[in-house]
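Quick note on numbering: the sequence shown equals residues -22 to -1, 1 to 87 in mature numbering (1 follows the signal peptide of the UniProt record, and there is no 0).
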Amino acid sequence: MTRFLIAGALLGAVSIASSAQAETIAPDTGLQAVLGTVNVTIYYHPVAAGYQVVTTASTDQPDSVIRFVSTLAPGQDALVSVPRGVGQPALEIHLRRVGDRLEFQRPTT
């Protein structure tokens, strides 16, 4: 199995503030990002319980694909995090449900 780890993938425990740096994802369109050696695709679809957020992550290694599905209500956050070397900060995409939109912030490092 591939040696990558997606830590805290889409956990609603991280609090981030909505800011001018945040971008918006439209429903069913998605976002693609590369976090180190991990390719990440995120999209969401509105459902009765909230926004169903689907995150798929993989590397170039065969059979390295994982998918995580969660549902965010207004005000809830999620974090997609890929660890790096010792002493280096993780590469992270922050997601936040703000009213009727889903905002995200790309890694700054």
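Think of the CB as a built atom: it goes at the ideal place given N, C-alpha and C, for glycine as much as any other residue.
Determine the contact status of residue i and residue j, defining contact as a CB-CB distance below 9 Å.
i     : j     : result
THR19 : THR33 : yes
ALA51 : ALA26 : no
GLN83 : GLN10 : no
If we count the other Cβ atoms within 10 Å of its Cβ and call it buried at 16 or more, is residue i buried or exposed?
i     : result
ALA4  : exposed
ARG74 : buried
GLN66 : exposed
VAL60 : buried
ASP38 : exposed
ASP41 : exposed
GLU1  : exposed
GLU81 : buried
ASP55 : buried
Measure the C-alpha to C-alpha separation of residue i and residue j and round it to an integer number of angstroms.
i     : j     : result
VAL31 : LEU57 : 11 Å
GLU70 : VAL64 : 16 Å
HIS23 : TYR29 : 6 Å
VAL76 : ASN17 : 25 Å
PRO85 : GLY53 : 21 Å
GLY14 : SER48 : 23 Å
ARG62 : ASP78 : 33 Å
SER36 : VAL43 : 4 Å
TYR21 : ALA68 : 21 Å
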